Amino acid sequence: MAIEVYDNYFKADRKIVTVKDVEPEKFITAFSQHLKRQGRFELPKWADVVKTSKAKELTPTDPDWLYVRTASMVRKIYIRKGIGVGSFRKIYGSQQRRGTCTNTFSKSSGKIARYILQQLEEMGLVEQDEEGGRMITKEGQRELDTVAVQAAAEEEGEDEN
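Just so we're aligned, residue 12 is where the sequence shown starts under the working numbering, counting upward by one.
What follows is the structure in structure tokens.
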């Protein structure tokens, strides 16, 4: 209760201008819908049959899972530049259940991360970093910030109702 009052006190006069100002769930859903509406992101043929990790048993149940993963990845690149395929494999990895043996950590699929980063480069949102990994371009930052402002406006509209 006290934490909520404290947070609301500082949020009262704040203006949303960047991705960092918006709640992660709100931004990821807004940007995934933006990618789907835009139509520049191409879904591969294997998107409906691929597992996201060797630790998983089934394919994702959400038909738009690739858009959601892309939005999540581009947000992570925005917040911290220099993240590459290996880092994303570790971020999206999970515990592999091995029956009676102990669970061990297993990295996620590198093909999915590589494909998403290549698509983001083709769209002009991300570019290669000289020090390794990827970083956001100026156009990408502009697009992400506009989506963040729209997501924050939708969030405020829901709060008022």
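For each residue, glycine too, the CB sits at the ideal point set by N, CA and C. These figures come from a predicted structure and were not determined experimentally.
Within the same chain, show all residues whose beta-carbon is closer than 7 Å to that of L77, passing over the 5 residues directly before and after it, in chain order. The residue given as residue 77 occupies position 66 in the sequence shown. Annotation for L77: L54, A58 place their beta carbon closer than 7 Å to its own, counting only its chain and skipping 5 residues before and after.
Beta-carbon separation of L46 and A82 under 8 Å? As a first step, residue 46 must be located in the sequence shown, where it is residue number 35. As a first step, residue 82 must be located in the sequence shown, where it is residue number 71. Contact flag set, yes.
With 16 other Cβ atoms within 10 Å as the buried cut-off, status of T113: The residue you call residue 113 lines up with position 102 of the sequence shown. Exposed is the call here.
V137 - partner residues in DSSP beta bridges: The residue given as residue 137 occupies position 126 in the sequence shown. V137 pairs with I147.
Runs of beta strand (DSSP E) wholly within the segment 34 to 121 (minimum 3 residues, chain order): Correct list: 105 to 107, 115 to 117.
Please go through the same chain and pick out, in chain order, the residues whose beta-carbon is closer than 8 Å to the beta-carbon of F38, but skip the five residues on each side of it. As a first step, residue 38 must be located in the sequence shown, where it is residue number 27. Result list for F38: V30, A82, R86, V158, A159, A162, in chain order.
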